[in-house]
Every structure is written in structure tokens, then in C-alpha cells.
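Student: Shown below is the structure under consideration.
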Amino acid sequence: MKAKFTCVYFTAILAITIICGCGKKEPKDIEADYLVEYVKELHLQNNVKLVLILPGLGCHGCIEEGELFMKDMANNKNINFVLTKVESLKILQGKTGVNVKDHNNIIVDTDDRINVPTDNQIYPCVIHVKNGQFVSHEFQSPDNFMALANIKKQIEDGKLQ
60 MKAKFTCVYF
70 TAILAITIIC
80 GCGKKEPKDI
90 EADYLVEYVK
100 ELHLQNNVKL
110 VLILPGLGCH
120 GCIEEGELFM
130 KDMANNKNIN
140 FVLTKVESLK
150 ILQGKTGVNV
160 KDHNNIIVDT
170 DDRINVPTDN
180 QIYPCVIHVK
190 NGQFVSHEFQ
200 SPDNFMALAN
210 IKKQIEDGKL
220 Q
């Protein structure tokens, strides 16, 4: 009798664990779901390979890396830049030397609509796209501090055309 009770007890615990665990998504999946929809809203040209969401507020060093990347790559029509939560567009343009109005591949999110629904929203987000569709994403963050440098190298080596 005791063995039967133990078996039923463990089966019930296992079932509850499986049921509770199935509904929870990982942050990477939550981000991907959000970014898939956001990329659809952008109606990207087929030549665009990357979208860089560059927040104005968040991880200071990571954002500076994103600003440097934009400064170096603003003329690359295979990359779209989305500036969000920018406190002063004038200061950002002064820091980067990039006049936003001169680049149709730079979008300013003046309404601060972009809100990546995880703690990673404070980091620049690189979205890889193909034929205007989301493929994958990564963040320039302390955990992935070479993300933009690696992409820049791929571009320079002709691997990301």
C-alpha cells in the first residue's frame, strides 16, 4: 500500500512539474516573438541584412559601441538603424557625426514604441534578417561584448553582403 501511495505521489508531482514548466518561455524566445512582429512592421527591403536597435538609455558602454558602429556603417544600405529612447537627437548626431536626415536607413522611434519585453532592452539589439524576414537576434552586452565587432569584421571580409 505504501509503495502504491509513493508511486501515485511521485506521478502527481511529475505531472504538476511538467504542466507548470511547459507554459514558461525562455527570454530568448520571448524576444524573438516580439522581434519577428517588429521586423514585419518595418517592411524591409530585401537587401537589408541587419537591423540595429540602438537605445539611448541603458548600458552606457554597450550603447557607445552601438553608436560607433552606426558612425562607421551609416552609409551601408544593408543595415537599418532604429534609434529609440533617445534623449537628444542633436547630441547623438554630434557624438556620431551622422546626420539622421541624410540617411533613409536610420529610423527614429520618436514615440518610444520599441520595448523588447525582457531585461535585455537596455542593450543594442542586432536583428539578422533575410528577404525582409527575421532570422535571429543578439545583443551587444557584457555577456556578448564582441557582437558588433564580429559583425563589422564579417562586413569588412565580405561575408555579410
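Sequence positions in the sequence shown follow the numbering used here and run 60 to 220. For glycine and all other residues, C-beta sits at the position ideal for the given N, C-alpha and C.
(1) Please classify I165 as buried or exposed, where buried requires at least 16 neighbouring CB atoms within 10 angstroms.
(2) Kindly confirm or deny that the segment 139-159 and the segment 101-115 touch, where touching means at least three C-beta pairs closer than 8 Å.
(3) Tell me whether the beta-carbon of N137 lies closer than 8 Å to the beta-carbon of N190.
(4) Tell me the residue span of the alpha helix (DSSP H) that contains L235.
(5) By how many angstroms is the C-alpha of D178 removed from the C-alpha of L11?
(6) Among E85, F204, K212 and A208, whose alpha-carbon lies nearest the alpha-carbon of H119?
(7) Taking only three categories from DSSP, how would you classify D178?
(8) Evaluate L73 with the Cβ neighbour count: other Cβ atoms within 10 Å of its Cβ, from every protein chain shown; 16 or more gives buried, anything less gives exposed.
(9) The beta strand (DSSP E) with P201 in it runs from where to where?
(10) Might you give, ordered along the chain, the residues of its own chain that have their beta carbon closer than 6 Å to the beta carbon of F128, omitting 5 neighbours on each side?
Tutor: On the basis of the coordinates in this document:
(1) Residue burial is scored here from C-beta neighbours: I165 has at least 16 other C-beta atoms within 10 angstroms and is therefore classed as buried.
(2) Short answer: they touch.
(3) Contact flag unset, no.
(4) Absent from the model: residue 235. The displayed extent of the chain is 60 to 220, so no value can be given.
(5) Since the displayed the chain opens at 60 and closes at 220, residue 11 lies outside it and no answer follows.
(6) Comparing C-alpha distances from H119 to each of E85, F204, K212 and A208 shows the shortest one belongs to F204.
(7) Helix.
(8) Interpretation of L73 is limited by its pLDDT of 43, a score under 50 that renders its predicted location unreliable; the figure taken from the coordinates is listed afterwards. So L73 counts as exposed.
(9) Looking at the DSSP string, P201 is not in any beta strand (DSSP E), and its letter there is neither H nor E.
(10) Once the five neighbours on either side are set aside, the close Cβ partners of F128 are L207.
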